[in-house]
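First up is the structure itself, then whatever we jot down about it.
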Amino acid sequence: MPKIIYRDKEWEVPTNITVRDAIIKGGLNPETVLATRHGKLITEDTHLKAADLVKLIAVISGG
Amino acid sequence: MKCRKCGVVAVINMRQHKLALCAEHYAEWVPAQVQKTIHKYQMFTPQDRVLIAVSGGKDSLALWDILLRLGYHADGLYLGLGIDGGIGYSDESHRKCETFLKSFKASANEGIGNSSNLEVPTQDPVVADSWSPKLHTLSIPDTYGESIPGVAQRVRRGRGKPCSVCGLIKRHEMNRLAYELGFSVLATGHNLDDEAAVLFGNTMTWQVGYLARQGPVLPEGDGFARKVKPLCRLYEREMAAYCLVRGIDYIYEECPYSYGATSIAHKELLAELERKSPGAKQNFYLSFLKAREDGFLNENRDLSLQLHDCQRCGQPTTAPGLCAFCRLWVNVEKCT
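Those protein sequences? They're chains U and Z, same order as listed. The letter at position 3 of the first sequence is residue 3 when you use this note's numbering, and the numbering goes up by one with no holes. Add 63 to the 1-based position in the second sequence for this note's numbering, that's all there is to it.
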């Protein structure tokens with residue numbers, strides 16, 4: 001199953017799910033993260049394959 | 064999703080613009096947008112020397128990269144705040160700034176990612192060919208004998224969180240150094256999300272004075288350097304994406320004192336609006352600028368400030384006597 005990593009949290013999602021749905025499944029707002037696969041940005045409509053490992057990058061900062 | 068310009072796989076989709084782009088075209092699109100913003104708000108010209116306040120974060124390093132690619136003569140200013148937070152935060156953020164500059168110079172020497180790759184018109188050189196960007200660094204603890212968290216512990220203003228003290232000290236020192244180093248413009252990496260969050264906070268409490276002064280440009284005069292925000296029309300998400308596409312290594316960790324900050328709560332609220340209504344943040348901020356331009360905030364009001372010279376540092380202040388920065392250090396000295 002594809003795996004999503006965000007900070008110290010990880011979750012698995014069903015194969016063929018879109019990146020957007022995978023983000024929402026982890027309880028996140030897609031507007032607040034970017035998704036990368038093998039260090040490259042991917043768009044939210046990308047369908048994930050079984051072996052995919054997606055790292056999410058938070059984009060909101062304070063101060 | 065395909066790039067609108069070339070049809071290859073897109074790396075970013077900007078729903079508010081209905082625009083998807085590949086990495087190559089995105090790396091060109093962002094500087095073009097910044098150039099339009101600089102021109103629209105008459106922020107500066109190729110004749111200006113620009114000092115960018117860099118923190119090692121995504122926005123300020125992206126801004127430095129963009130201005131250099133556009134051909135502007137922009138140096139960086141790093142203020143060492145003495146924040147450790149168990150992760151050596153200030154040291155690490157300083158290293159990110161140094162690494163950026165080193166990498167940019169190396170790429171420029173090899174002709175990679177420099178202005179010749181941009182579709183936007185670049186500026187004519189206005190200084191000697193030998194000019195190259197510099198990073199100016201000032202350590203607050205080394206200069207004043209106390210770190211930002213240390214100051215916050217000693218004075219009433221800093222009780223609980225050092226963010227207020229930090230903002231005050233940074234604003235004062237950035238203005239002072241812009242003058243002393245001979246820069247005509249001070250640029251910061253505030254993006255649209257930063258501006259929308261500030262606008263939201265000030266609107267919640269109807270801070271009319273703050274609203275009247277919030278804009279992409281704060282003009283120079285009365286002892287203040289001109290301050291500009293060239294990223295004010297770009298989303299925070301777009302700046303992070305730009306860093307990834309350009310290979311800019313920024314400090315990913317948050318300032319250890321920013322957790323629970325009101326500005327982050329406001330950004331999260333606005334992000335929820337954006338999720339349901341793409342373009343909501345942009346509309347909120349840009350329609351405010353339009354209303355401000357149309358005089359909505361100035362009717363029947365005198366919002367001009369009466370300024371005095373601070374008796375200690377000489378910088379402008381609204382209160383007679385000492386400015387807030389000098390009052391802060393007087394209090395620190397009293398508590399020593």
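Using N, Cα and C, we set each Cβ at its ideal position, and we do this for glycine too. Small disclaimer: the values here were computed from a predicted structure and weren't measured.
Query: Against chain U: residues of the stretch 347-381 of chain Z by CB proximity under 9 Å; Result: none
Query: Cβ contact check for the stretch 242-255 of chain Z and the stretch 101-111 of chain Z: 3 or more pairs under 8 Å; Result: yes
Query: Given U/His75 as reference, the closest of U/Glu31, U/Gly27, U/Gly26 and U/Ala51 once Cα atoms are compared; Result: Outside the shown range of chain U, which is 1 to 63, sits residue 75 of chain U, and nothing can be said about it.
Query: Sequence-distant residues of its chain with Cβ nearer than 7 Å to Z/Gly342 (five each side left out); Result: Gln79
Query: Coil, strand or helix - Z/Asn76 by DSSP; Result: strand
Query: Neighbour-count burial assignment, Z/Glu173, 16 or more Cβ in a 10 Å radius; Result: exposed
Query: Proximal residues of chain Z, C-beta to C-beta of U/Val59 below 7 Å; Result: Glu299, Arg300 and Ala303
Query: Enclosing beta strand (DSSP E) for U/Trp11 [first to last residue]; Result: Lys9 to Glu12
Query: Which listed residue (Z/Ala169, Z/Val214, Z/Pro204 and Z/Ser350) has its alpha carbon closest to that of Z/Ser195; Result: Z/Ala169
Query: Minimum Cβ-Cβ distance from Z/Val189 to chain U less than 7 Å; Result: At Z/Val189 the pLDDT is 45, less than 50, meaning the model places this residue with poor confidence; the figure from the coordinates comes in the next sentence. With 7 Å as the cut-off, Z/Val189 does not count as an interface residue toward chain U.
Query: Residue-chain proximity (Z/Met77, chain U), Cβ-Cβ < 7 Å; Result: no
Query: Residue(s) in a DSSP beta bridge with Z/Pro379; Result: Z/Asp372
Query: Interface flag, U/Asn16 vs chain Z, CB-CB below 7 Å; Result: no
Query: Span separating the alpha-carbon of Z/Lys197 from that of U/Asn29; Result: 38 Å
Query: Range of the contiguous alpha helix (DSSP H) that encloses U/Val19; Result: Val19 to Lys25
Query: Residues sharing a beta bridge with Z/Leu140, DSSP; Result: Z/Ala116 and Z/His199
Query: Z/Gln369 beta carbon less than 7 Å from that of Z/Gly286; Result: no
Query: According to DSSP, residues forming a beta bridge with U/Ala58; Result: U/Val33
Query: Below-7 Å beta-carbon distance, Z/Lys103 vs any chain U residue; Result: no
Query: Three-state secondary structure assigned by DSSP to Z/Gly213; Result: helix
Query: Other residues of its chain near U/Lys49: CB distance less than 7 Å, five sequence neighbours each side excluded; Result: Pro2 and Thr15
Query: Within chain U, partners of Z/Lys330 - CB distance below 7 Å; Result: Ile60
Query: Beta-ladder partner(s) of Z/Val248, from DSSP; Result: Z/Val113 and Z/Arg289
Query: Contact belief for U/Ile57 with U/Val33 at Cβ below 8 Å, rounded distance in angstroms; Result: 6 Å
Query: Nearest neighbour of Z/Ala116, chosen from Z/Val261, Z/Arg239, Z/Tyr207 and Z/Val214 [CA to CA]; Result: Z/Arg239
Query: Nearest neighbour of Z/Gly70, chosen from Z/Asn76, Z/Cys85 and Z/Lys81 [CA to CA]; Result: Z/Cys85
Query: 9 Å Cβ cut-off: residues of chain U touching Z/Val71; Result: Under the 9 Å cutoff, chain U gives no residues; its nearest Cβ is about 12 Å from Z/Val71.
Query: For U/Tyr6, three-class secondary structure by DSSP; Result: strand
Query: Pairwise C-alpha distance: Z/Arg158 and Z/Ile311; Result: 13 Å
Query: Residue-chain proximity (Z/Arg338, chain U), Cβ-Cβ < 7 Å; Result: yes
Query: Simplified DSSP state of Z/Gly278, which is helix, strand or coil; Result: coil
Query: Residue closest to Z/Lys339, alpha-carbon to alpha-carbon, out of U/Glu10, U/Val19, U/Ala22 and U/Glu31; Result: U/Glu31
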